[in-house]
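Chains as they are written, first to last, in our numbering: chain A, 10 to 298; chain B, 2 to 362.
Please read the structure below before turning to the comments.
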């Protein structure tokens, strides 16, 4: 009797602890850190001091001060461009891998994923060494006689940022796209051909529709990573590389305006959440088996 | 008459493994043909070759006299019902069924009309708007059939389509398949490892084993008159008693076995006397004679009597045939009511019910 009561209490304790962890871990590691800067974004900065006076002034600054909104919109535009190009590239590459033999698939996929195992700084510098004034690209074009003198604009331009971001985040788009294709049952392709579909028709009606979750995931990854990146634009864009991420970064650094920085970070977060929501909406429920 | 489909001396190997060896198959118009074999026999490879999913290493594949070996899958004039149906889960039932017409560029109105007709044919009239995931196994099976017949092929291929269904549904789908085949008047090439299913459905069965054709014929013929040990034991139960051929008199053969002389009949030319043979006799064709000294037949001792409802299965042993359990199936009537293990009986059968099999060379 006594032992069973104790066991009951133990079970209850264990269940309670389980629930506490289920809720507590995300709370501790995700929600609280996010909430903390949401809270800071409503505080006031006066004479370099953060005062706990609630205000909407930080958000007002974003919309009214002429320097933030244009950069925000430019960055959205840049991120959308990178996303678009990466979705197209990753779809083509994933399809290419998908059509190899199973053994080759793994090898090719791994080689495309190799950059994920490298430090960010190495990748950025290797891009710089390719695009630089005495870089690989300029030297090659000089050698081929395509140009008379090195093109300076290759590096430290908006195009450079665009190329660097696209290259950096391509693996994040390829992987989900390939995984989506990999989940298509092999006999769907056989069935489609059996019913008379040409390879192009099978691609249009079976492969791409079933690859949509992968496309959506790849697009979201690319957009979020591109939109928040503040190092790459600086490293390869120079003064041209003034993106929204760098503005947020500078508020916490040079400007020491944490409340404004937090408000801008909230706007960054809201934008990425919107991207996730849009990607989710684009998937019809039936596609998710 | 020219056959609809003709596989002529087809062989296929995967690396060093020969999976098909000299396969000859003809399919006639309107025929329900079953290719029956255990797993690994090559039956699925035969279907994949016909469907165009595999090439051949030797021989030819002709459809109405036209060589198909260079024709790609999507241009072959027949359709397949896949083992797990392979319904596109992102398309509705109507989209799945209409897909064959869509890729042929038919107008939407025509597709909608034909889809409705075909769904009616398979008894799914109102379910076109559903997704495959919202349907039962039997319904999906019907969708797969509808999708395969909508382009009015002269022949459809079915790859063990009933193996995923439970017993009751399977029996129902068997009746449905048979009646559908008769109504449509198209040839069905049906692959299965289930001999009961093959017997119940087919006009003709081709038994395949280890990449070769063992025997082909109507179900009753194969069941009653197997010619190889494999066919005899793969289709239903059989008692196989080894011996040497002692004498031949027309069809009637006398076989000398360790347990005495036994009668059997042979189809076609008889093997030479003295060669090793088997006598195959079905459990239900063996009669029990209570008098152990009666002439002809085989004496044996009852080892076990199992009551199966309508039937009893009696297992018997003969000391001269070590290791061989002789099985006898009888109606569970008064004649076997008193039978107990240990009883001595005489086993007899009509010579016409016992087939003489040549041992594999």
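C-beta atoms are modelled at their ideal positions from N, C-alpha and C, and glycine is treated no differently.
This one's a predicted model, so the numbers in the text were calculated from it and none came from an experiment.
Residue range of the unbroken alpha helix (DSSP H) whose run includes residue 46 of chain B: Taking the first residue of the second chain as 1, we reach residue 46 of chain B at position 45. Element bounds for residue 46 of chain B: 44-52.
Whether or not the region 153-160 of chain B and the region 189-200 of chain B are in contact is what I'm after, with contact meaning three or more pairs of Cβ atoms, one per stretch, closer than 8 Å; do they touch? They touch, by the three-pair rule.
Which whole-angstrom value describes the C-beta separation of residue 185 of chain B and residue 202 of chain B, a residue pair presumed to lie in contact below a C-beta threshold of 8 Å? Position 184 of the second chain, counted from the start, is the residue given in the question as residue 185 of chain B. Position 201 of the second chain, counted from the start, is the residue given in the question as residue 202 of chain B. Not confirmed; about 15 Å, so no contact.
Along the chain, where does the alpha helix (DSSP H) containing residue 203 of chain A start, and where does it finish? Looking up residue 203 of chain A in the first chain gives position 194. Per DSSP, residue 203 of chain A belongs to the alpha helix (DSSP H) from 195-203.
Proximal residues, the region 203-225 of chain A versus chain B, C-beta separation under 9 Å: Residues of the region 203-225 of chain A with a C-beta atom less than 9 Å from some C-beta of chain B are 203, 204, 205, 206, 207, 208, 210, 211, 214, 215, 218, 219 and 221, listed in chain order.
Do residue 136 of chain A and residue 245 of chain A come within 8 Å of each other at the CB atom, strictly closer than that value? Taking the first residue of the first chain as position 1, residue 245 of chain A is located at position 236. Taking the first residue of the first chain as position 1, residue 136 of chain A is located at position 127. Contact: yes.
Of all the CB atoms in chain B, is at least one closer than 8 Å to the CB of residue 194 of chain A? As a position in the first chain, residue 194 of chain A is number 185, starting the count at 1. For residue 194 of chain A, the answer is yes, since a Cβ of chain B falls inside 8 Å of its Cβ.
Please state whether DSSP places residue 163 of chain B in a helix, a strand or coil. Sequence index remark: in the second chain, residue 163 of chain B carries index 162 (1-based). Of the three classes helix, strand and coil, the one that applies to residue 163 of chain B here is coil, per DSSP.
Looking at residue 152 of chain B and residue 97 of chain B, is the spacing between their C-beta atoms short of 8 Å? Start at 1 with the first residue of the second chain, and residue 97 of chain B comes out as number 96. Start at 1 with the first residue of the second chain, and residue 152 of chain B comes out as number 151. For the pair residue 97 of chain B and residue 152 of chain B, the CB atoms are not nearer than the 8 Å cut-off.
Note down the Cα distance separating residue 298 of chain A from residue 188 of chain A, rounded to an integer number of angstroms. Numbered from 1 along the first chain, position 289 holds the residue referred to as residue 298 of chain A. Numbered from 1 along the first chain, position 179 holds the residue referred to as residue 188 of chain A. For residue 298 of chain A, the predicted model reports a pLDDT of 46, less than 50, meaning its position is unreliable and no value from the coordinates is stated.
List, in chain order, every chain B residue whose beta-carbon is nearer than 9 Å to that of residue 7 of chain A. The structure shown does not extend to residue 7 of chain A, since chain A is modelled only from 10 through 298, so no value can be given for it.
Cβ contact check for the region 221-229 of chain A and the region 118-127 of chain B: 3 or more pairs under 8 Å: No, because fewer than three Cβ pairs between the region 221-229 of chain A and the region 118-127 of chain B fall closer than 8 Å, the two stretches do not touch.
Quick one: what's residue 243 of chain B bridged to in DSSP? If you number the second chain from 1, residue 243 of chain B lands on position 242. B:279, per the DSSP bridge assignment.
Whether residue 182 of chain A touches residue 99 of chain A by CB criterion (8 Å): Translated into positions along the first chain, residue 182 of chain A becomes position 173. Translated into positions along the first chain, residue 99 of chain A becomes position 90. A contact, by the Cβ cut-off of 8 Å.
When DSSP labels each residue in this structure, what does residue 86 of chain B get in the three-state scheme? Position 85 of the second chain, counted from the first residue, corresponds to residue 86 of chain B. In the displayed model, residue 86 of chain B falls within coil according to three-state DSSP, outside both helix and strand.
CB contact below 8 Å: residue 87 of chain B versus chain A: Position 86 of the second chain, counted from the start, is the residue given in the question as residue 87 of chain B. For residue 87 of chain B, the answer is yes, since a Cβ of chain A falls inside 8 Å of its Cβ.
Figure out for me which residue from B:29, B:231, B:210 and B:311 has the closest Cα to the Cα of residue 359 of chain B. For the purposes of this step, residue 359 of chain B is taken as the residue at position 358 of the second chain. Measuring from the Cα of residue 359 of chain B, the nearest candidate turns out to be B:231.
Tell me, please, which residues DSSP counts as bridged to residue 3 of chain B. Taking the second chain and counting its residues from 1, the one referred to as residue 3 of chain B is at position 2. For residue 3 of chain B, which the question treats as bridged, DSSP gives no partner whatsoever.
Using only CA atoms, which one of B:324, B:216, B:241 and B:101 lies nearest to residue 205 of chain A? Taking the first residue of the first chain as 1, we reach residue 205 of chain A at position 196. Nearest of B:324, B:216, B:241 and B:101 to residue 205 of chain A, Cα basis: B:101.
Contact with chain A by residue 16 of chain B, beta-carbon distance below 8 Å: Start at 1 with the first residue of the second chain, and residue 16 of chain B comes out as number 15. Taking Cβ atoms only, chain A never reaches closer than 8 Å to residue 16 of chain B, which makes this a no.
Tell me whether the beta-carbon of residue 200 of chain B lies closer than 8 Å to the beta-carbon of residue 322 of chain B. Against the second chain, residue 200 of chain B aligns to sequence position 199. Against the second chain, residue 322 of chain B aligns to sequence position 321. Cβ atoms of residue 200 of chain B and residue 322 of chain B: not closer than 8 Å.
Cβ of residue 197 of chain A less than 8 Å from any chain B Cβ? On the first chain, residue 197 of chain A is found 188 positions in, with the first residue counted as 1. Yes, its Cβ sits closer than 8 Å to a Cβ of chain B.
Under three-state DSSP, which class holds residue 153 of chain A? For the purposes of this step, residue 153 of chain A is taken as residue 144 along the first chain, with counting starting at 1. Coil.
Quick one: does residue 364 of chain B have its CB under 8 Å from some CB of chain A? This structure gives no information on residue 364 of chain B, because the portion of chain B shown stretches from 2 to 362.
Excluding the 5 residues flanking residue 133 of chain A on each side, which residues of the same chain have their C-beta closer than 8 Å to its C-beta? Your numbering for residue 133 of chain A matches position 124 in the first chain. So the list reads 173, 177, 240, 241, 244 and 245, once near-sequence residues are dropped.
For residue 171 of chain A, which option in A:92, A:233 and A:191 has the closest C-alpha, if you only look at C-alpha atoms? Locating residue 171 of chain A in the first chain gives position 162, counting from the first residue. Among A:92, A:233 and A:191, the Cα nearest to that of residue 171 of chain A is on A:92.
Contained alpha helix (DSSP H) runs [length at least 4] in the region 233-284 of chain A, N- to C-terminal order: Those alpha helix (DSSP H) runs which fall completely within the region 233-284 of chain A and span 4+ residues are 241-246 and 253-261.
Starting from the C-beta of residue 93 of chain B, find all residues in its chain whose C-beta is less than 8 Å away, skip the five residues before and the five after it, and write them out in chain order. Counting from 1 along the second chain, the entry for residue 93 of chain B is found at position 92. Correct list, in chain order: 129, 130, 131 and 132.
Backbone secondary structure at residue 314 of chain B - three-state DSSP: For the purposes of this step, residue 314 of chain B is identified with residue 313 of the second chain, where counting begins at 1. DSSP places residue 314 of chain B in strand when its eight states are reduced to three.
In three-state DSSP terms, what is residue 122 of chain A? Locating residue 122 of chain A in the first chain gives position 113, where the first residue counts as 1. Looking at residue 122 of chain A - three-state DSSP - the assignment turns out to be helix.
Thinking just about the alpha-carbon of each residue, which of B:127, B:88 and B:134 is nearest to the one in residue 1 of chain B? It is not possible to answer for residue 1 of chain B, since the shown part of chain B is limited to 2 through 362.
Under three-state DSSP, which class holds residue 25 of chain A? Locating residue 25 of chain A in the first chain gives position 16, counting from the first residue. It is helical.
Considering Cα atoms alone, identify which of A:277, A:266, A:275 and A:287 is closest to residue 54 of chain A. Taking the first residue of the first chain as position 1, residue 54 of chain A is located at position 45. Looking at A:277, A:266, A:275 and A:287, the one whose alpha-carbon comes closest to that of residue 54 of chain A is A:266.
Between the region 238-253 of chain B and the region 69-76 of chain B, do three or more beta carbon pairs fall short of 8 Å? Result no; under three Cβ-Cβ pairs closer than 8 Å.
Run down chain A in chain order and give the residues with a C-beta less than 9 Å from the C-beta of residue 104 of chain B. Here residue 104 of chain B refers to the residue found at position 103 when the second chain is read from its first residue. Within 9 Å Cβ-Cβ: 201, 204, 205, 206, 207, 210, 211 and 214.
Separation of residue 196 of chain A from residue 382 of chain A, as counted between CA atoms: Shown here, chain A extends from 10 to 298; a query on residue 382 of chain A therefore has no answer.
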